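In this note's numbering, the protein residues as written are 2 to 265.
Ideal Cβ positions, reconstructed from N, Cα and C, are used throughout, including at glycine.
Bear in mind the structure is a predicted one, so any value in this text is a computation, not a measurement.
This report refers to the structure that appears directly beneath it.
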Ligand SMILES: [Zn+2]
């Protein structure tokens, strides 16, 4: 906004996040007190207010290792998106959901990079899948959110302990563009469906660390996603054995492909 003000455009130059400092590029992406927590666990020197943000950013793009570059891009993109949601859609700035979005974005990109690297291995390779005890069904779950269409889809892929295909399902979910909520709703859909199928012992695999952590814990979360997590915990009681485990995106590729395929 300060760039527009310098060109004599009549705009509010105060940062919409902190409502305290002028909104320069450096302030918005690095120095604002509301965005600084996003950079806390990033292993790079965050620029100070006298640096040139563009120069700092392009230095990391050329010198940083892949994971770091992905994270820096995901943080900047999420800050910009969160700032625009606040300004144009009056959506509250929520650092926790922005951090969650950053983590998912990085996992998403890493997963796509893994898939690319594993292209030759393709679907026929089942060796990378976790081993489960006889009598236990492996339920792979994934959700994919299309922000542009405000739609999300889930995919569920069931295998028995000999890694034989048993069943699969996909469909639409209503999640208000919230990736965290979409993953939680996908697990709920999966639990309801495999309960109907009559499986007693199941192992749910998700590539969403947050949802796995919440489902395995007992902490209370009053958000809508928190309500869905509670419903999932209630559904867990219908099974003789149920466990939720995190797997990487590349391992969860069947459910991921199913979720994506729903759209077409
Ligand atoms: Zn600010």
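Have a look at the DSSP bridge pairing and note the partners of residue 152.
To locate residue 152, count along the chain shown from 1; it is residue 151. 147.
At the level of alpha carbons, what is the spacing between residue 277 and residue 186?
Residue 277 lies beyond the range of the chain shown here (2 to 265); nothing can be said about it.
Same chain only: Cβ atoms within 6 angstroms of residue 31, ignoring 5 sequence neighbours per side:
The residue labelled residue 31 in the question sits at position 30 within the chain shown. Only 47 and 48 meet the Cβ criterion.
Can you list every residue whose CB sits closer than 7 angstroms to some heavy atom of ligand 2, going in chain order?
Within the structure as shown, ligand 2 is missing, the only ligands being ligand 1.
Would you call the segment 219-230 and the segment 251-260 in contact, with 3 or more CB pairs under 8 angstroms?
no
Give the DSSP-derived three-state secondary structure of residue 169 in the structure shown.
Position 168 of the chain shown, counting from 1, holds the residue named residue 169. Residue 169 falls in the strand class under three-state DSSP.
Residue 122 versus residue 255: straight-line alpha-carbon distance, rounded
Here residue 122 corresponds to residue number 121 of the chain shown, with the count starting at 1. Here residue 255 corresponds to residue number 254 of the chain shown, with the count starting at 1. Confidence in residue 122 is poor, its pLDDT being 43 and thus under 50, which makes the residue's placement unreliable; the coordinate value appears in the next sentence. If you take the alpha carbons of residue 122 and residue 255, they lie about 13 angstroms apart.
Residue 239 classed as buried or exposed, judged by whether at least 16 other C-beta atoms fall within 10 angstroms
Walking along the chain shown from the start, residue 239 turns up at place 238. Burial call: exposed.
If you scan the segment 42-94 from start to end, which runs of the alpha helix (DSSP H) of 4 or more residues do you find wholly inside it?
54-64 and 67-90
Rounded to the nearest angstrom, what separates residue 258 and residue 208 at their Cα positions?
Your numbering for residue 258 matches position 257 in the chain shown. Your numbering for residue 208 matches position 207 in the chain shown. Taking the straight line joining both Cα atoms gives about 13 angstroms.
Should the segment 61-74 be regarded as contacting the segment 137-145, the criterion being three or more beta carbon pairs within less than 8 angstroms?
no
Going by other Cβ atoms of all chains shown within 10 Å of its Cβ, with 16 needed for buried, is residue 98 buried or exposed?
Position 97 of the chain shown, counting from 1, holds the residue named residue 98. Buried.
With a Cβ-Cβ cutoff of 7 angstroms, do residue 202 and residue 236 count as a contact?
Taking the chain shown and counting its residues from 1, one reaches residue 202 at position 201. Taking the chain shown and counting its residues from 1, one reaches residue 236 at position 235. Not a contact, by the Cβ cut-off of 7 angstroms.
Taking the C-alpha atoms as reference points, what is the distance between residue 172 and residue 70?
Here residue 172 corresponds to residue number 171 of the chain shown, with the count starting at 1. Here residue 70 corresponds to residue number 69 of the chain shown, with the count starting at 1. Cα to Cα, residue 172 sits roughly 33 angstroms from residue 70.
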